[in-house]
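A.B. asks: Below you will find the structure I want to go over with you.
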Amino acid sequence: MSLETHAFRILVYDLNTGRGEYVRFGDRREIIGGSGLAAALFDSFGANDLPAFDPVQPLIFAIGPLTGCFPLMSKAICAFKSPYNQQYAEAHAGGRLALAMRFAHIDALVVKGRAATPSCLVAGIKRLQLHDVHPLWGRGVFATGKAIRKMFSFGEGHRSILRIGPAGENLVAYAGINVDSFRHFGRLGAGAVMGAKNLKAIVIDGASSMPAPEGKEYNALFKEIYQDACGAEMRKYHDLGTPANLITLNKIRALPWNNLQNTSDEAIDEVSGETFARELLLRKFACAGCPVGCIHVGLLREMFADQHEFLYRQVAYDYEPIFSAGTMLGLKKAGDVLAVLDEIEHLGLDAMSAGVALAWATEALEKGDISESDTIVPLRFGDAAAYIKAVDHLARRTNDFYRVLGQGALAAGDAYGGADYACVLGQEMAGYATGPVFYVSQALAVRHSHLDVGGYAFDQKYDSPSVQEATDFMVKEERSRIVLTSMVSCLFARSLYSEERVVRALTVMGYGDIADNLDAATRHVQALRWKLKFDTGFDPETVRIPKRFHEVENWKGKTDVAFMDELKKAYGAEIRKIVA
């Protein structure tokens, strides 16, 4: 193959000029796609020394070589400089975006500059336009989506609509980007980057097609993977979905409640996955290109004040939002959790960070580190109505307190006192009080995500690991997941896509040269992502794991703080070796 064949087709759009161009970029054999392509594009277009909201900074969306070609190859990558920590960041989302980009023949979209007015970017085979949508500024995520669908009626079923809510417009550091109503680039503030660019929405029109490879090998491999995707291994995601974890984690005392003051509660049955399915589940559906159907949508039914009419709303839920906007806030009714989540979604906040930040604020109010004049509403664990009002204040940055809380719970803890009980591991924690390997892995991981390494699984599997065993696991597991996030696969499909199967998939798609170089390319991508983190200010020695995590008690007892400290040093040293 020629170098031209190995290059990616990138759409670079400048909001300052309202003009875009397609360029050839990079080499698939070196950066693969997905996570690798996004990192390489940031390395080329980003400015390490400028703040996240500088118009120069790019907002990048990328797909991989297997996108749309096999089941669950259905995710897209978003890369940007995070306003949360001013470091390189990467977020993942499903929905229709990945396939829309594939069928628009866009390997990656790079958006730079700042629009003169609130705008919507429309991109596809037949169109590339920037539209003034200033009447939508200030409107919620769902109202915006409805308006955009009416404004741009083409491509129904083949388009993807990305948009932000008031949280992104107001530059809350953990505002997310809503993708096709029920999926998100949630973490580390991609929505605020869109807001800083005056970009209310993006529409990708996937109006084209792509030929399937010739021969029997592709059909046979697709059928093999499809059958596995519809089998017992993946069925758990379709049935109860990830909320099935709630009872299990509560039983082993590893489910955070009330800002991680507790790790279990007798009220678990009221907010379990079983209760959500029995009382609130309306429907299930899947991201484009996935046969599993893990997206669970609940029906929220609320009566208007006149008691004669009902309001019906559809709210997606899974384990992490139920933890962050439910158990972490002490909510003990499934309907209350869904109501708080609906407000978070409408305003365009990351559900995990918003919930954990409000849990910190509730405890801070209890302890007297802040007052009701700060919170405006009297926050109490279990009070859903108060949290719904507080979410609105948080998204709109009503006062100085909410402006600081919009930078994260640890930032608020430093400003007001109470940093010791801020449940932050690089960013607001995921819902696993499983032990030191998880705490270290999320705190130091590239994305500060529980899915970077999966340390929570290691905590549950091994009773007395050595520091070396835990460190080796994290480095190796990160590398194996980079293979999938460069393809780009849903990480629920880890059991479907062994490296051997990925090699077979690449080969039948005509990417044998990528398959032959996969190990070296993966190591290159791993080093590049870490290099970008370090170049934008990351230092593992300065990462804090707040005291609250020292105090956690689960089925293994209290946290082994000495082991955690040693593991943090050892893993930090290994990260530096990866870059070197």
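Each residue of the sequence shown is one higher than the last, beginning at 1 in this note's numbering. C-beta atoms are modelled at their ideal positions from N, C-alpha and C, and glycine is treated no differently.
1) Return the Cβ separation of residue 119 and residue 221 in integer angstroms, given the expectation that the two are a contact with Cβ distance under 8 Å.
2) Counting along the chain, where does the alpha helix (DSSP H) carrying residue 347 start and finish?
3) Since residue 590 contacts residue 347 with CB under 8 Å, what's their CB separation in whole angstroms?
4) Between which two residues does the beta strand (DSSP E) containing residue 369 stretch?
5) Which whole-angstrom value describes the C-beta separation of residue 161 and residue 488, a residue pair presumed to lie in contact below a C-beta threshold of 8 Å?
6) Does the region 273 to 293 come into contact with the region 243 to 256, if we say contact requires no fewer than three beta-carbon pairs (one atom in each stretch) closer than 8 Å?
7) Report the option in 88, 127 and 112 whose CA atom is closest to the CA atom of residue 105.
8) What did DSSP end up calling residue 198 once you bin it into helix, strand or coil?
9) Consult DSSP for residue 588 and reduce its assignment to one of helix, strand or coil.
10) Name the DSSP beta bridge partners of residue 509, please?
11) Use the C-beta contact count for residue 289: other C-beta atoms within 10 angstroms, 16 or more gives buried, fewer gives exposed.
12) With a threshold of 8 Å, are at least 3 pairs of Cβ atoms found where one atom belongs to the region 327 to 337 and the other to the region 263 to 273?
13) Spatial neighbours of residue 403 within its chain, please: CB distance less than 6 Å, with the 5 preceding and 5 following residues excluded, ordered by chain position.
14) What is the rounded straight-line gap between the Cα of residue 572 and the Cα of residue 410?
15) By a C-beta neighbour count over all protein chains shown, 10 Å radius and 16 as the cutoff for buried, is residue 321 buried or exposed?
16) Taking residue 299 and residue 319 to be in contact with their CB atoms under 8 Å, please state how far apart those CB atoms are, rounded to whole angstroms.
17) Three-state secondary structure (DSSP) at residue 291?
18) Taking buried to mean at least 16 other C-beta atoms within 10 Å of its own C-beta, is residue 102 buried or exposed?
19) In this structure, how does DSSP classify residue 468 when only helix, strand and coil are distinguished?
20) My parser needs the alpha helix (DSSP H) runs of 4 or more residues fully inside the region 94 to 182; what are they?
21) Hey, out of 108, 87, 43 and 56, whose CA is closest to residue 14's CA?
22) Using the C-alpha atoms, what's the distance from residue 326 back to residue 338?
23) Could you tell me if residue 421 is buried or exposed, where buried requires 16 or more neighbouring beta carbons within 10 angstroms of its beta carbon?
24) Under 7 Å between the Cβ atoms of residue 61 and residue 109?
25) As a quick exercise: from 74, 229, 190 and 426, pick the residue whose alpha carbon is nearest that of residue 496.
26) Going by DSSP in three states, residue 572 sits in which element: helix, strand or coil?
27) Does the count of Cβ pairs from the region 20 to 29 and the region 67 to 74 closer than 8 Å reach three?
28) Buried or exposed: where does residue 9 fall if 16 or more other Cβ atoms within 10 Å of its Cβ makes it buried?
29) Between 80, 107 and 163, which has its C-alpha nearest residue 180's C-alpha?
30) Please classify residue 536 as buried or exposed, where buried requires at least 16 other C-beta atoms within 10 Å of its C-beta.
31) DSSP state of residue 3, grouped into three classes?
32) Could you check if residue 3 is buried or exposed, using at least 16 other CB atoms within 10 Å of its CB as the buried criterion?
33) Using a Cβ distance threshold of 8 Å, determine whether the region 364 to 380 contacts the region 429 to 438, with at least three qualifying pairs required.
34) Between the region 439 to 449 and the region 258 to 267, do at least 3 Cβ pairs fall closer than 8 Å?
35) Distance, Cα to Cα, residue 254 vs residue 525?
36) Distance, Cα to Cα, residue 151 vs residue 132?
C.D. replies: Put simply:
1) Distance from residue 119 to residue 221 at the Cβ level is roughly 42 Å; contact not present, criterion being Cβ atoms closer than 8 Å.
2) For residue 347, the uninterrupted alpha helix (DSSP H) segment begins and ends at 334 to 347.
3) Given that the chain is displayed from residue 1 to residue 580, the structure contains no residue 590 and the question cannot be resolved.
4) Premise fails: residue 369 is in no beta strand (DSSP E) and is neither H nor E.
5) Under the criterion of beta carbons closer than 8 Å, residue 161 and residue 488 do not qualify as touching, at roughly 19 Å.
6) By the Cβ criterion, the region 273 to 293 is in contact with the region 243 to 256, since at least three pairs of Cβ atoms, one from each stretch, lie closer than 8 Å.
7) The candidate whose alpha carbon is nearest that of residue 105 is 127.
8) For residue 198, the secondary structure class from DSSP, reduced to helix, strand or coil, is coil.
9) The first residue shown for the chain is 1 and the last is 580, placing residue 588 beyond what the model contains.
10) Per DSSP, none; premise fails for residue 509.
11) With 16 or more other Cβ atoms within 10 Å, it is buried.
12) Under the 8 Å Cβ criterion, the region 327 to 337 counts as touching the region 263 to 273, having at least three qualifying pairs.
13) Only 397 meet the Cβ criterion.
14) Straight across, the Cα-Cα distance linking residue 572 with residue 410 is about 21 Å.
15) Per the 10 Å Cβ criterion, buried.
16) Between residue 319 and residue 299 the Cβ distance is about 19 Å, and since that is not below 8 Å, they are no contact.
17) For residue 291, the secondary structure class from DSSP, reduced to helix, strand or coil, is coil.
18) Classification for residue 102: buried.
19) Note: residue 468 maps to helix in three-state DSSP.
20) Segments of the alpha helix (DSSP H) lying fully in the region 94 to 182: 97 to 103, 141 to 151 and 166 to 169.
21) In terms of Cα proximity to residue 14, the closest of 108, 87, 43 and 56 is 56.
22) Looking at the backbone, the Cα of residue 338 and that of residue 326 are separated by about 8 Å.
23) With 16 or more Cβ atoms within 10 Å of its Cβ, residue 421 is classed as buried.
24) Remark: C-beta atoms of residue 61 and residue 109 approach each other more closely than 7 Å.
25) With respect to the C-alpha of residue 496, the residue from 74, 229, 190 and 426 having the closest C-alpha is 229.
26) The three-state reading of DSSP puts residue 572 in helix, counting H, G and I together.
27) Contact fails: fewer than three Cβ-Cβ distances are below 8 Å.
28) With a threshold of 16 other beta carbon atoms within 10 Å, residue 9 falls short and is exposed.
29) The shortest C-alpha separation from residue 180 is found at 163.
30) With 16 or more other CB atoms across the displayed protein chains lying within 10 angstroms of its CB, residue 536 is buried.
31) Since pLDDT at residue 3 reaches only 43, below the 50 mark, its modelled position is unreliable, and the value read off the structure follows with that caveat. It is helical.
32) Summary for residue 3: the model assigns pLDDT 43, below 50, so the residue's position carries little reliability, and this model does not support an answer.
33) Between the region 364 to 380 and the region 429 to 438, the count of Cβ pairs shorter than 8 Å is below three; the stretches do not touch.
34) With the cut-off at 8 Å, the region 439 to 449 and the region 258 to 267 do not touch.
35) About 33 Å.
36) Rounded to the nearest whole angstrom, the C-alpha separation of residue 151 and residue 132 is 11 Å.
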